[in-house]
Structure formats: C-alpha cells, structure tokens
Amino acid sequence: MADLSPLSPPVLPDWFKGTALASDSSATYQQALTSPLRKEIWKYTPVGKILELSTLTAERPTLGGDQQDGVTIADQPDTDLTDIFSINRAPEAFTFLCQQPLVYISVAASLTEPLHLIHNASSWPIVIDVAAGASMTLTEEFSSDLDQQQTIWLRLGRDAQVTHGRNSLSSTPNHWQFLSVQINAGGHYSLHNHAVASSLRRQDTQIQLCGDGASAKLCGAAMVPQRGNLDQQVTMEHLSANTTSQQTFHNIVADRGKSTFNGRIHIHAGARNSNANLSNKNIGLGANATINTKPELEIYNDDVSCSHGATIGQLDNDQLFYFCSRGVDPNAARQLLCEGFLQQCIGGPLAESASSGLLEPLHGLDIQ
Amino acid sequence: MTQQSLLEDSNLHADVGSDADSKAILKGLNLTINPGEVHAIMGPNGSGKSTLANVLSGRPGYTVTQGHVLLDQEALADLEPHERAQAGLFLAFQYPVEIPGVSNMEFLKASMDSLAKAHNAEQPDAAGFIRQVRTLAESLDLDPQFLKRGVNEGFSGGEKKRNEILQLLLLNPKMAILDETDSGLDIDALQTVAEGVNRFRNDGNGVLLITHYQRLLDYIVPDFVHVLADGQIIQSGDKNLALELEAKGYTWLT
Numbered sequence: 001m002a003d004l005s006p007l008s009p010p011v012l013p014d015w016f017k018g019t020a021l022a023s024d025s026s027a028t029y030q031q032a033l034t035s036p037l038r039k040e041i042w043k044y045t046p047v048g049k050i051l052e053l054s055t056l057t058a059e060r061p062t063l064g065g066d067q068q069d070g071v072t073i074a075d076q077p078d079t080d081l082t083d084i085f086s087i088n089r090a091p092e093a094f095t096f097l098c099q100q101p102l103v104y105i106s107v108a109a110s111l112t113e114p115l116h117l118i119h120n121a122s123s124w125p126i127v128i129d130v131a132a133g134a135s136m137t138l139t140e141e142f143s144s145d146l147d148q149q150q151t152i153w154l155r156l157g158r159d160a161q162v163t164h165g166r167n168s169l170s171s172t173p174n175h176w177q178f179l180s181v182q183i184n185a186g187g188h189y190s191l192h193n194h195a196v197a198s199s200l201r202r203q204d205t206q207i208q209l210c211g212d213g214a215s216a217k218l219c220g221a222a223m224v225p226q227r228g229n230l231d232q233q234v235t236m237e238h239l240s241a242n243t244t245s246q247q248t249f250h251n252i253v254a255d256r257g258k259s260t261f262n263g264r265i266h267i268h269a270g271a272r273n274s275n276a277n278l279s280n281k282n283i284g285l286g287a288n289a290t291i292n293t294k295p296e297l298e299i300y301n302d303d304v305s306c307s308h309g310a311t312i313g314q315l316d317n318d319q320l321f322y323f324c325s326r327g328v329d330p331n332a333a334r335q336l337l338c339e340g341f342l343q344q345c346i347g348g349p350l351a352e353s354a355s356s357g358l359l360e361p362l363h364g365l366d367i368q
Numbered sequence: 001m002t003q004q005s006l007l008e009d010s011n012l013h014a015d016v017g018s019d020a021d022s023k024a025i026l027k028g029l030n031l032t033i034n035p036g037e038v039h040a041i042m043g044p045n046g047s048g049k050s051t052l053a054n055v056l057s058g059r060p061g062y063t064v065t066q067g068h069v070l071l072d073q074e075a076l077a078d079l080e081p082h083e084r085a086q087a088g089l090f091l092a093f094q095y096p097v098e099i100p101g102v103s104n105m106e107f108l109k110a111s112m113d114s115l116a117k118a119h120n121a122e123q124p125d126a127a128g129f130i131r132q133v134r135t136l137a138e139s140l141d142l143d144p145q146f147l148k149r150g151v152n153e154g155f156s157g158g159e160k161k162r163n164e165i166l167q168l169l170l171l172n173p174k175m176a177i178l179d180e181t182d183s184g185l186d187i188d189a190l191q192t193v194a195e196g197v198n199r200f201r202n203d204g205n206g207v208l209l210i211t212h213y214q215r216l217l218d219y220i221v222p223d224f225v226h227v228l229a230d231g232q233i234i235q236s237g238d239k240n241l242a243l244e245l246e247a248k249g250y251t252w253l254t
C-alpha cells in the first residue's frame with residue numbers, strides 16, 4: 001500500500017495572494033490528498049519516495065533559444081496563472097511549486113527556433129505560457145545522473161501550437177517528471193516522449209483540453225532495461241466540446257524490468273462531440289518482466305467517440321519467421337523487431353538522439 | 001556426368017501442429033528439381049501445397065516425420081530457417097507479413113547483409129544498394145516511396161506480392177519457392193510478377209511455383225507440372241497437364 005500521508009499544507013507564494021485560488025486552497029488541498037484518484041495514481045510507486053525528491057536542492061535549468069524575439073523570462077508571472085495550477089489534480093506538484101522560485105517563460109509570438117530546456121539537476125518549477133496564435137517547439141533533455149525532479153506547467157492560449165520533444169535517457173536513479181498542459185480553444189499540443197527507465201522513473205502527464213476544438217497528440221516510446229522501473233501516469237481530460245486526443249505508447253520491458261502505464265481519459269459533461277483514443281502496447285522480453293497497464297475511460301457525455309486498448313505480449317512469431325526466411329539470424333531479427341516496435345512511436349524534434357538512446361539498451365540483450 | 005539436383009524431396013512425410021494434435025499432411029512426396037528448371041505444383045485445396053512450402057522453408061509448427069530434403073546436396077533438416085535462406089532457399093510468401101516500424105529498405109539491407117556475412121562476402125555499400133533497390137522497385141511498378149514505409153505496411157495485395165518478387169530478384173537465391181504468388185492479383189500485376197520471375201530464371205537456379213490456377217503458367221511457362229493430392233504427387237507432366245487440369249478439374253485424377 002502506498003504511503004499517502006498528508007503533506008504539509010502549502011504556503012502560497014506572494015504572487016499567488018489575492019487570486020481566486022488563494023481563498024480556498026487549503027480546503028481543496030485537503031480534499032485532493034484524500035481523493036480515490038490519488039490513491040490510484042500512487043498505487044505502484046510509493047508517493048513518499050517521490051516526495052523525498054522534492055526536498056532536493058533545485059536550480060534554474062539551462063535554457064537555449066531564450067534570446068529570440070517573443071520569449072520573455074521572469075521570476076514571477078505578470079498574469080494570473082491560478083487556473084493552470086490545479087491543486088486537486090496534483091497536490092504534490094503544487095506543494096513544490098509553492099516552495100521554490102519559479103521560472104516563468106512567456107512566449108508572446110511564434111518562435112522560429114526551438115526553446116531548449118536542459119535540466120542539470122532538480123529544476124525550479126517552470127511555467128511556459130504560450131500566447132494565443134503562437135506556435136513553438138520545445139525540447140527537454142537531462143544532463144545529470146543524480147536523483148532529481150521537474151515540474152512543468154504549460155498553458156496554450158487560443159489556437160496556439162506546441163510540439164514538445166522530451167528525451168529522458170539519463171541513468172538518473174530516481175526521477176520524477178511532472179507535466180501539466182492546459183490547452184485552450186483551437187490549440188494543439190503534441191508530445192514526443194522518449195524514455196529509458198532507471199531505478200525509478202516516474203512520469204506524471206496531465207493534459208486538459210479546456211477550449212472548444214482543442215487537441216492533443218501524445219506519442220511515447222520507452223525502454224525498460226533489466227531492473228529498471230518506469231511508471232507513467234497519463235490523464236487526458238476533455239473539458240470542452242469538439243476536443244480531440246490521440247495517445248500511442250509503446251514500451252519494451254526487459255527481463256526483471258517493470259513498467260506501469262495508467263492512462264485515464266476523462267470526458268466531462270460539457271465535452272460533446274469529443275474524440276479520444278488511447279493505445280498502449282507492451283512487449284515483455286523475459287519471463288520475469290513485469291508490466292502493469294490500465295487504460296481507463298470515464299465518460300459523462302453521450303455524444304463522444306472513444307477507444308482505448310492495451311496489449312501485453314511477446315514478439316510476433318510470423319514477423320520473426322519472415323525475417324529469418326530472408327537469412328537474418330533470430331537474435332538479430334528480434335533486435336530489429338524491437339527497434340521497429342519502438343520506432344513507431346519515436347518522432348518530433350529529438351527523434352534522432354531518441355533512437356540511439358532507446359535502442360542502445362537493446363544491444364547485447366539476449367532477447368527470447 | 002550426372003547433373004546435381006538443386007532440390008530433392010525423397011519420401012517426404014510431414015505433420016502440422018503440435019505433438020498432441022498434429023495432423024499428417026505430406027505423405028511420401030518425391031520431387032527433384034534440377035538447375036534451370038521451373039516446376040509447378042497444382043492441386044485442390046487442402047492437398048498440402050502450402051505445407052510443402054512451409055516445410056521446405058523451416059517454418060515453426062511443421063515437423064518432418066520421415067524422408068529427407070536436400071538443397072544443393074545439403075540436408076535441410078540440419079538447417080534453421082535463416083540458414084536455409086543463407087544456403088540459397090527463398091520463399092515468396094502467400095501472405096507477406098507486415099512489420100510496422102521497420103522500413104522496407106532496412107529489411108532488405110538486413111537481409112542482404114546477413115547473406116553477405118554468411119558467405120564471407122563484402123556487404124553492399126549503402127549508396128549502391130539504395131540505387132539497386134530503387135531500380136528494381138521501378139522495374140516492378142513499385143513506387144520507390146514504398147521503400148521508406150514499414151515492411152508491407154498498408155500495401156495492397158498486389159504491392160505485397162511485387163515486394164516478394166523484388167526480394168527474390170535482390171537476394172538472388174538458388175532455389176525459389178513461390179507460394180500462390182498469383183492469388184489476389186489482377187492481370188496487370190500478374191504479368192509484372194511473372195515478368196519478374198522470368199527475369200530471375202536462369203540455367204543455374206530453380207523455381208517451384210505453387211498455384212491453384214493455370215493462368216499464371218501462361219506467363220511463366222513451367223518445364224514440369226505436378227498434381228499434389230492428399231500429400232502425394234499423383235501425376236506429373238509438362239505444361240499441357242496444367243491446361244488439362246484447367247479444363248477438367250482435379251476429380252478425374254483423384
């Protein structure tokens with residue numbers, strides 16, 4: 001049973017005071033800590049372990065592309081951001097937000113160059129606020145092998161477009177990555193999430209499709225080497241009409257590796273004509289690979305089109321035989337099939353380094 | 001001097017399925033293919049045609065219970081499927097498999113590299129290889145764009161079969177088995193496929209065509225036609241046997 005003991009109530013930073021959220025933060029906070037949803041998302045990873053990470057010294061991440069027109073960096077927001085910090089969805093991340101300095105990145109116009117985030121350790125909470133109609137590419141990479149955590153809050157204004165590539169390939173022993181994305185009307189967010197599991201890599205991804213016609217596409221490719229542990233918790237909330245989401249996650253788990261995928265799609269009452277689909281496919285490479293997967297649909301609207309599915313299996317024997325029938329030895333064929341399985345979900349601005357980083361742990365594995 | 005056969009099946013018996021519920025399909029099949037020969041095997045549904053192709057290529061799930069097969073004087077029973085391919089055997093699949101995520105080009109390169117390695121030959125250089133494959137694709141009316149797509153992914157039936165022929169021409173085996181390569185093809189695709197097989201044929205290699213219909217044999221003229229029924233070859237002849245089968249069906253033989 002996960003340790004769900006309450007955190008200390010957050011003390012709101014100055015820039016938060018006077019906002020709507022400030023008045024009832026304490027009650028909301030207590031409610032969030034005891035919600036059944038919270039129990040569910042901490043079922044496979046002890047929350048205590050993650051909270052320990054939030055006590056590590058954090059620092060400003062290295063930024064690239066921050067000097068271009070349209071980008072402004074500040075220590076606090078010049079606008080009310082309270083609607084994007086959802087205490088009830090993420091009390092742990094919210095606590096951290098209140099304890100640390102903030103990196104506030106405002107993107108006022110479409111960017112010609114990508115904005116690069118390089119985390120050298122635990123990072124201060126980061127808010128990226130993308131103005132209406134702006135489009136940008138965001139990349140995120142990790143340079144350190146120390147325990148660390150990051151919390152990122154992203155807001156897309158009306159018709160804004162963000163393509164986000166994230167390569168979590170470092171061998172950081174314990175790593176928590178929290179990502180919250182709020183997408184307003186007509187906005188589109190696309191995530192290319194590539195991960196190699198370490199002792200514990202926990203990824204919380206919370207997407208809110210807030211405005212009419214907002215859409216999100218998440219693609220994930222992950223490799224869990226022997227003794228690695230990857231826990232991915234994805235929540236896709238359709239809060240408005242005509243919203244669309246598409247999620248595809250492919251994970252390979254080596255013998256004695258462990259992966260957990262919990263993908264929840266929540267269609268709220270007003271989100272008519274929504275379209276959501278989710279697919280999580282897993283390949284286990286040994287008798288002692290552990291794979292937990294739970295696609296979940298919660299629908300409060302009749303006028304929707306949703307599909308979800310998860311598979312856990314081994315490499316396809318017909319594909320293997322096809323390779324062998326062309327002279328490729330079975331071990332090499334299995335390698336190529338694993339690569340192909342991951343390659344289907346590799347893309348975006350960091351695709352090239354993702355391929356080499358994800359496929360590297362496969363080499364030398366005796367795949368059965 | 002006695003000519004050495006390319007493929008020799010002697011009293012071949014084979015089962016399909018696991019031990020508990022295996023079923024005998026091939027029941028004493030004899031067949032010899034010499035270099036330069038094209039043999040066609042025809043027969044009713046369930047006679048064992050595809051089983052023969054699968055047994056020869058070493059597909060898991062098929063067990064040889066009696067008899068033996070020699071490929072260029074080498075016992076096939078001793079070889080794994082990839083070793084059979086390296087020894088010069090090629091199977092054009094009845095249902096080519098889709099492999100999303102692995103591009104056709106990668107697949108072909110892996111195959112070529114494996115064969116080169118097995119023969120201690122130099123691996124083809126990347127640029128020359130790509131040119132060769134593109135030229136072959138064009139000659140088979142395949143859009144070279146397809147080389148970037150996943151292996152057979154989203155291909156039409158005809159494109160999949162043409163892709164098999166592309167592989168045949170690229171890998172250039174000693175012995176090619178074509179398992180109902182004509183099924184599901186329109187006339188134009190059939191002619192393209194047949195033209196590819198004819199291009200492959202030479203005095204040194206052999207072809208075993210497995211087919212239901214005589215039509216393919218209008219375009220690939222066989223040296224021998226065999227009728228397979230209940231796991232045995234019950235009749236052999238020249239190309240005229242196929243015409244006779246087309247006119248009369250199989251019942252007069254069985």
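Protein chains in written order, with this note's numbering: chain S, 1 to 368; chain F, 1 to 254.
Where is the CB? At the ideal position from N, CA and C, for every residue including glycine.
Quick caveat: nothing in here was measured; it's all calculated off a predicted structure.
Comparing alpha carbon positions, the residue from F:Ser57, F:Ala137, F:Leu209 and F:Ser236 closest to F:Glu180 is F:Leu209.
When the beta-carbon positions are compared, S:His268 and S:His308 stay at least 8 Å from each other. For F:Ile210, no Cβ of chain S is located within less than 8 Å of the residue's own Cβ. Residue pairing by DSSP puts S:Gly313 in a beta bridge opposite S:Ile283.
Interface flag for F:Gln167 against chain S is set, since a Cβ pair is found closer than 8 Å. In the DSSP assignment, S:Cys219 falls outside any alpha helix (DSSP H) and lies within the beta strand (DSSP E) extending over Ser215 to Val224.
S:Asp75 is positioned such that its CB atom lies closer than 8 Å to that of S:Leu102.
Pairwise C-beta distances place the region 328-342 of chain S out of contact with the region 286-298 of chain S, as fewer than three of them are shorter than 8 Å. Here DSSP, grouped into helix, strand and coil, assigns S:Trp42 to coil. DSSP, reduced to helix, strand and coil, places S:His363 outside both helices and strands of the structure shown, so it counts as coil. Excluding the 5 residues flanking it on each side, F:Trp252 has no same chain C-beta neighbour closer than 7 Å. Annotation: the continuous alpha helix (DSSP H) that includes S:Pro330 extends over Pro330 to Gln343. Nearest to F:Leu171 by alpha-carbon distance, out of F:Leu115, F:Thr254 and F:Gln123, is F:Leu115. F:Gln235 and F:Asn30 have their C-alpha atoms spaced approximately 11 Å apart. Listed as beta-bridge partners of F:Phe90 by DSSP are F:Ala176. In this structure, the straight-line span from the alpha carbon of F:Leu168 to that of F:Phe200 is close to 8 Å. Between S:Ser143 and S:Thr172, the C-beta gap is not smaller than 8 Å, which leaves the two residues out of contact. At least one C-beta of chain F is nearer than 8 Å to the C-beta of S:Phe341. In its chain, beyond the 5 residues on either side, Ser22, Lys23, Ile25, Thr51, Gly61 and Tyr62 have a beta carbon closer than 7 Å to the beta carbon of F:Val16. Here DSSP, grouped into helix, strand and coil, assigns S:Phe85 to coil. From the listed residues S:Gly270, S:Val304, S:Thr248 and S:Asn273, the smallest Cα separation to S:Asn282 is found for S:Thr248. Residue environment: F:Ile187 is assigned as exposed (fewer than 16 neighbouring CB atoms within 10 Å of its CB, all protein chains considered). Among the residues facing chain S, F:Ser111 is included, as its CB has a counterpart in that chain under 8 Å away. Setting aside the 5 residues that flank it on each side, S:Ser353 is surrounded in the same chain by Asn167, each with a C-beta closer than 7 Å to its C-beta; the list follows chain order. Taking S:Ala108 as the centre and dropping the five residues before and after it, the same chain places the C-beta of Gly70 and Ala131 closer than 6 Å to its C-beta, in chain order.
Chain S has no Cβ within less than 8 Å of the Cβ of F:Gln94. A distance of 8 Å or more separates the beta carbons of S:Cys219 and S:Leu179.
Check the Cα spacing between S:Gly348 and each of S:Gly65, S:Glu40 and S:Glu140: the tightest is with S:Glu140. Not flagged as an interface residue toward chain F: S:Cys210, since no C-beta distance is shorter than 8 Å. Under the three-state reduction of DSSP output, S:Asp303 falls in the coil class, being neither helix nor strand. The three-state secondary structure of S:Tyr29, taken from DSSP, is helix.
Looking from the CA of S:Ala216, the closest CA among S:Ala276, S:Ala254 and S:Gln177 belongs to S:Ala276. Contact annotation: F:Thr211 and F:Ala229 have beta-carbon atoms that are not nearer than 8 Å.
Bounds of any alpha helix (DSSP H) do not take in S:Gln67, whose DSSP letter is neither H nor E.
Nearest to F:Gln191 by C-alpha distance, out of F:Met175, F:Leu71 and F:Asp218, is F:Asp218. Within 10 angstroms of the beta-carbon of S:Pro36 lie fewer than 16 other beta-carbons, which makes it exposed.
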